[in-house]
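In my numbering, the protein residues as written are 13 to 77.
In structure tokens:
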């Protein structure tokens with residue numbers, strides 16, 4: 013029994029080979045990593061704006077404001 017290739021013919025006559033369907037674990041992992049990266053960037057921005065900049069604004073001892 014001969015296996016037929018997974019080919020889908022489009023209107024333009026070209027054939028586009030379809031990739032086999034894989035588990036969604038990798039896609040979900042990429043989404044989770046993307047969300048974590050965005051949350052990390054937001055947290056870093058909040059840290060620099062609300063914590064680090066006010067610390068830099070405080071005059072050091074012995075230095076007049």
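Just so you know, even glycine gets a beta-carbon here, dropped at the ideal spot from N, CA and C.
task: Taking residue 71 as part of the alpha helix (DSSP H), name the residues at either end of that continuous run.
output: Counted from its first residue, the chain shown places residue 71 at position 59. Per DSSP, residue 71 belongs to no alpha helix (DSSP H) and is neither H nor E.
message: At the level of alpha carbons, what is the spacing between residue 69 and residue 41?
response: Residue numbering aside, residue 69 sits at position 57 when the chain shown is read from its first letter. Residue numbering aside, residue 41 sits at position 29 when the chain shown is read from its first letter. The straight-line gap from Cα to Cα measures roughly 41 Å.
- request: Tell me where the alpha helix (DSSP H) around residue 47 begins and ends.
  value: For the purposes of this step, residue 47 is identified with residue 35 of the chain shown, where counting begins at 1. That run of the alpha helix (DSSP H) goes 37-59.
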